[in-house]
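*Asks:*
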Amino acid sequence: MTMHPHSTPPHAAEGVLLSACDVVRTYRMGRVEVPVLKNASIDVKPGEWVAILGSSGSGKSTLLHLLGGLDRADSGTVTFRGEHVGGYSQSRLDRYRNEHIGFVFQFYHLLPELNVLENTLLPATIGIGRFEWMRRQGEIRDRARMLLERFGLSHRFRHRPAELSGGERQRVAIARALMHNPDVLLADEPTGNLDAKTGDTILDMIAEQHRAGLTVVMVTHDQWIAARADRTVHLVDGRVA
Amino acid sequence: MAVYTQLLVRRYLSTRIIPLIAVAAVGLCVALVVIVVSVMSGFLDNLRASGRTLMGDVVISYPVQGIPYYKEFIADVLKLPGAAAATPLVDTYGLLRMPYPGGPNKDVVTAQVWAIEPETFSQVTELDRTIWWKPAASPQEALAMAEDDPRRQQDLSGLYEDAKVLRERATDRPGALLGMHVSIVNQRQRDGSYRPRNSMWWMPNHEITVTLVPISEKGTVSQSNSRVFKVVNEVMSGVFQVDKNRVFIPLKEGQELLRLDEAPIVDTTAVPDASGNYPVIGTSPARATQILVRAKEGVTPDELRVQVAEAYEQFYLQKSADESVRTRPPAAEYVSIMTWEQRLRDLIAPVEKERQMMRILFSITYLVCAGLILAIFWSIVSEKTRDIGILRAIGASRMGVLWIFLRYGLTIGMVGSGVGIALAWLVIRNINAIHMALGNDAPPWLYVTFFLLAAGSAALTVRALTRSRILSVLLWTVATLALVGIGTGLVLHRGFLIWDPAVYYFATIPSEMDWGNAWITAVGAIVFSVLGAAVPAARAADIDPVRALRYE
Ligand SMILES: Nc1ncnc2c1ncn2[C@@H]1O[C@H](COP(=O)(O)OP(=O)(O)O)[C@@H](O)[C@H]1O
Ligand SMILES: [Mg+2]
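Chains as they are written, first to last, in this note's numbering: chain A, 7 to 247; chain B, 2 to 553.
Structure below.
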């Protein structure tokens, strides 16, 4: 493991679940280099709900993708339980996303050909092999049904995403993110595409999961939404303030 | 293999129209290639088979004068390791006086006359098989024939037996076998059978007069000779040029008419005896202008030709050395010894050319099909780029993503190939019926059906209009117009035949599936489907998941 000075932050003793330390991410557009994150750092403690507030285009999604192992930083480190995520092999990284992270996106990102139940089951079917699936299928399906029922989707199991409202789709997306009991929920403007009332119910659901012990990192450009979190950090000029 | 790949492949295949289009495209490409290659290679096979049907494998020919002592030579040939059978014949051109029309002025036609020994000729060629007027081989075959087919109406077994010995057995008159199109009487029916234009002139009820012209050793024309033959049957080799021109008569009669039979040699320089005859000083042997040889199973015509040429050399040397032989056979270099392929080169060469053309066209067809499959898969996978990003975000590996699309391509390739082969099989098996149907005007039920479908489609257009669904209106309008167009086309359609036997040598279109090629084509289509899916899928698997997620 690469020993970056910040890979074991000073407050590690208090327990930091997920952290980014001095991450830099620059996009190239033709000849122009666009620096999006310039030495951004953030620590997320277990059971915490952190909101990252920033204007549109400030790099919030980019930071979230780095935390979730979807993207690699040009420099700086992302650590999860003290492990250097940047040093993971490709298959370890796939497993990290599958087992430890649950993503929720602004545009729901459900698979249009699968029905609600199948979309919810997806992380489980990706994460385990055929034999384990055959053995544990019943238990796994029960969990998916339980999650969907809790989110008020019990009559929607066989529906396609196209047949659902935006709020319903986002609830399916959250159920999918929770399917595998992740350690961290990474939500990228989860209410960005919803009206205020529907957005509130989504936030209520996240709050409920948070109360049950789930660590949440939520990105938003709306300070009223950010106010629902335990703690708000600002992303300005590529840095977390 | 994870569970989700299977699930996604199944859903991608079952919930969208584009895989159906892809299956149809693969199927049509496979069917197209298989049909064309099968017909073309069937055509070449026919040509190959016709070589044996017509002339065996190797032909020894010395025209006009003929080869003396041919019986001895045939005995030598039969001892060769590669020869299965051999037969002598005399071929020439002659005049046929036909029985029609009524009155004293009959039609006279020229024909290629082959004087044969029917028994041995049948061993070398497949004369038996080509005899047309014969009883059905089985009750099923009889039932398949049309009611008015003479082969079903009459007992033709006597005629068939006569044909096999080239003799009317009841009267012991010499018989003649006519090619099916030598007379103008036979009319080909849509089902490939024949009817006499006028039952009065059905050829096996009649006689023909054959006139042949002997040529002297000096090359001058002698007094022509004529003889009457009972038409014992007609033959249908399937090679139009042959069926149009050839007539078979018995060898003995042919030799007599051409003065190639055995005859005493007299000394005209000596003093004639009391009755004016010169003294006989020897015998001029009978001659044959051709000897046809059939190869044993597993011996190629070329191998046999080498053996026969050697045997002829020996035969010539032996006869030349024999003082008692007055009439020497022609020296080997004057005798043509060829395989049937060499003899039919004029006919085969253009077909070979055509085949090369077809090969080039096939390569283009294959490439076009491969390109089409590639393009379809490219668009399918591009459309799924965002799904790939989503899958990666929740932990799917690159191999997993790749595998989804490989399986997808594999399934479409296999189903498409299966559909294509089934379609090709149906078309090829019925190609002659389809061709015949094209030759007829369309039956009313067919265009009425199309007009009814058009009416239904028009009704759906109106329904879509009332619900103001623009896409549906557009699609149903197009469907209505297409159906009306097809129906009108069928009403206006006047029969035409593409396959003119006079042009293509064979009377029917080959209708055997070339299975070897079919499997190769199917495997090729599957490989291209998998490749077509693999290239964009590999690209998709390489895409940075963040980019794929942002992909709109
Ligand atoms: N693949 C990319 N190539 C070039 N520029 C990009 C790419 N992805 C994002 N960007 C740019 O990076 C900046 C930050 O994007 P993002 O993280 O999505 O911001 P936010 O989520 O805060 O709106 C934006 O200006 C965006 O245009
Ligand atoms: Mg964003």
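No residue lacks a Cβ here, since even glycine has one placed at the ideal position from N, Cα and C.
Should S67/A be counted as a contact of ligand 2 given a C-beta to heavy atom distance under 6 Å?
*Replies:* Indeed, a heavy atom of ligand 2 lies less than 6 Å from the Cβ.
*Asks:* Using a C-beta to C-beta distance shorter than 9 Å, which residues of chain A count as neighbours of D515/B?
*Replies:* The contacting residues do not exist; D515/B stays about 39 Å from chain A at best.
*Asks:* Where A539/B and L491/B are concerned, what is the direct C-alpha to C-alpha distance, given to the nearest angstrom?
*Replies:* If you take the alpha carbons of A539/B and L491/B, they lie about 48 Å apart.
*Asks:* Quick check: what's the CA-CA separation for F163/A versus M185/A?
*Replies:* Going by the C-alpha atoms only, they are around 15 Å apart.
*Asks:* Take I432/B and list the residues in its own chain whose beta-carbon comes closer than 6 Å to its own, dropping the five residues that flank it on each side.
*Replies:* Excluding positions up to five away in sequence, the list reads I510 and S512.
*Asks:* Alpha carbon to alpha carbon, what distance is there between R228/B and P1/B?
*Replies:* The question about residue 1/B has no answer, for chain B in this structure spans 2 to 553.
*Asks:* Taking all protein chains shown into account, do 16 or more other C-beta atoms lie within 10 angstroms of the C-beta of H182/B, making it buried, or fewer, making it exposed?
*Replies:* Per the 10 Å Cβ criterion, buried.
*Asks:* V243/B to G180/B, Cα distance in whole Å?
*Replies:* Each residue's Cα considered, the two are about 7 Å apart.
*Asks:* Under 6 Å: does the beta carbon of V110/A sit that close to some heavy atom of ligand 1?
*Replies:* Checking every heavy atom of ligand 1 against the Cβ of V110/A, none is found closer than 6 Å.
*Asks:* Below 8 Å, how does it come out for the segment 24-40 of chain B and the segment 420-436 of chain B: are there three or more Cβ pairs, yes or no?
*Replies:* Yes, the segment 24-40 of chain B is in contact with the segment 420-436 of chain B.
*Asks:* I'd like to know whether the C-beta atoms of R329/B and V59/B end up nearer to each other than 7 Å.
*Replies:* No, they are not a contact pair.
*Asks:* How would you list, in chain order, the residues of chain B whose beta-carbon sits under 7 Å from the beta-carbon of P129/A?
*Replies:* I395 and G396, listed in chain order.
*Asks:* So what does DSSP say about G43/B, is it helix, strand or coil?
*Replies:* G43/B: helix per DSSP, three-state reduction.
*Asks:* Taking only beta-carbon positions, decide if P16/A is within less than 7 Å of chain B.
*Replies:* Only weak support is given to the placement of P16/A: the predicted model assigns it a pLDDT of 43, under 50, and the question is left unresolved by the model.
*Asks:* Apart from the five residues just before and just after R87/A, which ones in its own chain have a Cβ nearer than 7 Å to its Cβ?
*Replies:* Hits under 7 Å: L23.
*Asks:* Would you say Y33/A touches ligand 1, meaning its beta carbon is less than 6 Å from a heavy atom?
*Replies:* Yes, ligand 1 has a heavy atom inside 6 Å of this Cβ.
*Asks:* Could you check if G63/A belongs to the surroundings of ligand 1, using beta carbon to heavy atom distance under 6 Å?
*Replies:* Result yes, Cβ under 6 Å from ligand 1.
*Asks:* Could you pull out every residue in the same chain whose Cβ sits closer than 6 Å to the Cβ of A333/B, ignoring the five residues on either side in sequence?
*Replies:* Y313, E314 and Y317.
*Asks:* Look up I395/B in the DSSP assignment and say whether it is helix, strand or coil.
*Replies:* Here I395/B sits in coil by DSSP.
*Asks:* For V42/A, verify whether its CB is less than 6 Å away from any heavy atom of ligand 1.
*Replies:* Checking the Cβ of V42/A against ligand 1 gives yes.
*Asks:* I need the boundaries of the beta strand (DSSP E) containing V40/A, first residue and last residue.
*Replies:* Taken as a continuous stretch (DSSP letters only), the beta strand (DSSP E) holding V40/A covers V38 to V50.
*Asks:* Under the three-state reduction of DSSP, which class applies to G410/B: helix, strand or coil?
*Replies:* It is helical.
*Asks:* Check whether the Cβ of I180/A lies closer than 7 Å to any Cβ atom in chain B.
*Replies:* Cβ-Cβ to chain B under 7 Å: no for I180/A.
*Asks:* Please tell me whether P1/B has its Cβ less than 7 Å away from any Cβ of chain A.
*Replies:* The shown model of chain B, from 2 to 553, leaves out residue 1/B, and the question about it has no answer.
*Asks:* Taking all protein chains shown into account, do 16 or more other C-beta atoms lie within 10 angstroms of the C-beta of I381/B, making it buried, or fewer, making it exposed?
*Replies:* Buried: at least 16 other Cβ atoms inside 10 Å.
*Asks:* Decide yes or no for the touch test of the segment 374-392 of chain B against the segment 221-233 of chain A: beta carbon pairs closer than 8 Å, at least 3 of them.
*Replies:* The answer is no - the segment 221-233 of chain A does not touch the segment 374-392 of chain B, with fewer than three Cβ pairs under 8 Å.
*Asks:* With burial defined as no fewer than 16 other Cβ atoms inside 10 Å of the residue's Cβ, what is the status of Y94/B: buried or exposed?
*Replies:* Label assigned to Y94/B: exposed.
*Asks:* What number of angstroms, rounded off, separates the C-alpha of C370/B from the C-alpha of I429/B?
*Replies:* Taking the straight line joining both Cα atoms gives about 20 Å.
*Asks:* Is T16/B helix, strand or coil by DSSP?
*Replies:* If DSSP states are grouped into helix, strand and coil, T16/B belongs with coil.
*Asks:* Can you list, in chain order, the residues of its chain with a C-beta nearer than 7 Å to that of M146/B? Leave out the 5 residues immediately preceding and following it.
*Replies:* A137, R152, R153 and S194.
*Asks:* Touch check for the segment 251-261 of chain B and the segment 99-118 of chain B: three-plus C-beta pairs under 8 Å?
*Replies:* Flag = yes, the segment 251-261 of chain B and the segment 99-118 of chain B touch.
*Asks:* Can you pull the chain A residues whose beta carbon is under 7 Å from the beta carbon of T412/B, in chain order?
*Replies:* Residues of chain A passing the Cβ test: none, with the nearest at roughly 15 Å.
*Asks:* What residue ranges within the segment 78-156 of chain A form continuous beta strand (DSSP E) runs of no fewer than 3 residues, ordered along the chain?
*Replies:* Runs found: 81-86 and 107-110.
*Asks:* Only counting the same chain, and skipping five residues up and downstream in sequence, which positions put a Cβ closer than 8 Å to that of A542/B?
*Replies:* The residues are I389, R399, M400, V402 and L403.
*Asks:* Would you say N121/A and R166/A are within 7 Å of each other, going by their C-beta atoms?
*Replies:* Cβ atoms of N121/A and R166/A: closer than 7 Å.
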